[in-house]
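So the structure is just underneath, and the comments pick up after that.
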Amino acid sequence: MVKALNEDLVRLDLRGLRCPLPVLRIRKALRGMEPGSTLIAFCDDPLAAVDVPHFVRTTGDELIEIVDGPARAFRIRRAAPARPEPGSRAASS
Numbered sequence: 027m028v029k030a031l032n033e034d035l036v037r038l039d040l041r042g043l044r045c046p047l048p049v050l051r052i053r054k055a056l057r058g059m060e061p062g063s064t065l066i067a068f069c070d071d072p073l074a075a076v077d078v079p080h081f082v083r084t085t086g087d088e089l090i091e092i093v094d095g096p097a098r099a100f101r102i103r104r105a106a107p108a109r110p111e112p113g114s115r116a117a118s119s
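Once you know that position 33 of the sequence shown is 59 in our numbering, the rest is easy, because the numbers rise by one and skip nothing.
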C-alpha cells in the first residue's frame, strides 16, 4: 500500500511481502517520485536488509536511514536522473 503523506514524503507498507516483491514495489514507487522526495518503506522480510540497500546503491538514490523493529523501515531519497555524458548516444538524441 502506498500512501502519500505529503508531496515530498511517501509511505510504503510492504509487510508480508517476500523477496523479490519489496524491491520491485520500491522501484515502482521511486520511478513515480520527483527528485529529492523521500520514500519510507516498511518491510518484514529478513532478506530486505540486504536487498534494499543493494538496490538503492545500483539506482543512485540515497539510503538515508534504516530503522530496525518488527518491520524494518528504509528511508530513501530519490536522486535526480543521471545526466548523459556529452557526446554519448543519449545526449545526441
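Ideal placement from N, C-alpha and C gives every residue a C-beta, glycine not left out.
Coil, strand or helix - residue i by DSSP
i    : result
R53  : helix
D39  : strand
L47  : helix
R104 : coil
A99  : strand
Pairwise C-alpha distance: residue j and residue i
i   : j   : result
L47 : A74 : 10 Å
A99 : L89 : 11 Å
Identity of the residue in the options nearest residue i by Cα
i   : options          : result
D39 : C69, G58 and G95 : C69
Same chain only: Cβ atoms within 8 Å of residue i, ignoring 5 sequence neighbours per side
i   : result
L43 : R51, C69 and D71
Neighbourhood of residue i by C-beta, 7 Å cutoff - its chain only, sequence neighbours within 5 removed
i   : result
A97 : R41, F68, C69 and D70
Buried/exposed call for residue i, threshold 16 Cβ in 10 Å
i    : result
R83  : exposed
A106 : exposed
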